[in-house]
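Numbering (numbering that gives the first Met the number 0), first residue to last: 0 to 222.
Here's the structure we're looking at; comments come further down.
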Amino acid sequence: MIRPIDIVVPVYNARELLQRCLAALDRHTPVEQARILIVDDASPDPAIAPLLASWARTSPLRPRILVNAENLGFVGSVNRGFAETESDVLLLNADTEVTPGWLAHLREALHSDERVATVTPFSNNAEICSWPLFCQVNPVPADAEIVAAALASAGPPSYPELPTAVGFCMLIRRETLDQIGDFDQATFGRGYGEENDFCLRAAGHGWRNILADHCYVVHAGGG
0 MIRPIDIVVP VYNARELLQR CLAALDRHTP VEQARILIVD DASPDPAIAP LLASWARTSP
60 LRPRILVNAE NLGFVGSVNR GFAETESDVL LLNADTEVTP GWLAHLREAL HSDERVATVT
120 PFSNNAEICS WPLFCQVNPV PADAEIVAAA LASAGPPSYP ELPTAVGFCM LIRRETLDQI
180 GDFDQATFGR GYGEENDFCL RAAGHGWRNI LADHCYVVHA GGG
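Now the structure itself:
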């Protein structure tokens, strides 16, 4: 039996981007393959709490919603989410939109080698995982599903090695997380660079970071 992936989505304001993210999760995430955990980092926008509550009531994914009593910052929210998980963990930013087959593609990549620690997909806006232009912010495609289908059908994936994952959409093997611990909140505080540190620590223990070169997830870069 395939164990579900625990998907952690940190949230802070950005209502319109969040709505698109949640709608895409509903459309493209198989219920039996995922457990969704939303961590609301004390969003001051009064529209966020009712939006999340409504989605939790109606989504077939049956998500859990955690609300921080005070603002912990991105890294603190991520680590709170990690502490609630028990399986492989997927960190997903709230300014993303997933595409058909996304979770299966990431899972395939993770299990392509038992020493894979992290998997990142291609995106329009993902630094070293940006496509078609490397390390650039590419426009959001008019139809991301067509782009995703083209990448998925381009040929067998090769899973290129990466020096680090990119945290907008980052699948992490449970055994790696258990071995090296979560993100370094003391050093990285409000966020930026924490996934690089995590991946370098993982590499120091013999783990690998790879690209799922047959998977595509939209990243707006504003949430």
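Every residue gets a Cβ at the ideal spot worked out from N, C-alpha and C, and that includes glycine.
All figures in this text were calculated on a predicted structure; none of them were measured in a lab.
Taking Cβ to Cβ, would you say residue i is nearer than 8 Å to residue j?
| i | j | result |
| --- | --- | --- |
| Ser223 | Arg173 | This structure does not reach residue 223, given that the chain is present from 0 up to 222, and the question cannot be answered. |
| Ala143 | Thr175 | no |
| Asn195 | Thr163 | yes |
| Val97 | Val7 | no |
| His27 | Pro140 | no |
| Phe167 | His218 | yes |
| Gly84 | Asp5 | The sequence shown places Thr at residue 84, rather than the Gly named in the question. Taking 8 Å as the Cβ cut-off, Thr84 and Asp5 qualify as a contacting pair. |
| His104 | Ala211 | yes |
| Arg79 | Leu91 | no |
| Gly220 | Asp44 | no |
| His213 | Pro156 | yes |
| Asp25 | Leu60 | yes |
| Ala108 | Ile209 | yes |
| Phe121 | Leu150 | yes |
| Pro62 | Glu31 | no |
Please report the residue range of the alpha helix (DSSP H) in which residue i lies.
| i | result |
| --- | --- |
| Ala116 | That residue, Ala116, is in no alpha helix (DSSP H); its beta strand (DSSP E) goes Val115 to Phe121. |
| Ile47 | Ile47 to Thr57 |
| Ile6 | No alpha helix (DSSP H) contains Ile6, which is instead part of the beta strand (DSSP E) from Ile4 to Val10. |
| Asn78 | Gly72 to Ala82 |
| Ala22 | Arg14 to His27 |
| Val146 | Ala143 to Ala151 |
Would you kindly report the start and end of the unbroken beta strand (DSSP E) that includes residue i?
| i | result |
| --- | --- |
| Ile64 | Arg63 to Val66 |
| Arg34 | Ala33 to Asp39 |
What whole-angstrom Cβ distance do residue i and residue j have, given they're in contact under 8 Å?
| i | j | result |
| --- | --- | --- |
| Arg207 | Arg114 | 5 Å |
| Asp181 | Phe81 | 5 Å |
| Cys128 | Val165 | 5 Å |
| Ile226 | Val88 | Since the first residue of the chain shown is 0 and the last is 222, residue 226 is not available in this structure. |
| Leu16 | Trp54 | Their Cβ separation, rounded to whole angstroms, is 14 Å, which puts Leu16 and Trp54 out of contact at 8 Å. |
| Leu102 | Pro49 | Not really, about 27 Å apart at Cβ, beyond 8 Å. |
- Item | Continuous alpha helix (DSSP H) assignments of at least 4 residues falling wholly in the segment 159 to 206 | Listed in chain order, they are 173 to 179, 184 to 187 and 193 to 203.
- Message: Tell me whether the segment 36 to 52 and the segment 9 to 26 touch, counting them as touching only if at least three CB pairs, one residue from each stretch, are closer than 8 Å.
- Response: Between the segment 36 to 52 and the segment 9 to 26 there are three or more C-beta pairs closer than 8 Å, enough to call the two in contact.
- Task: For the segment 86 to 140, list the alpha helix (DSSP H) runs that are entirely contained and at least 4 residues long, ordered along the chain.
- Result: Within the segment 86 to 140, the complete alpha helix (DSSP H) runs of at least 4 residues fall at 101 to 109.
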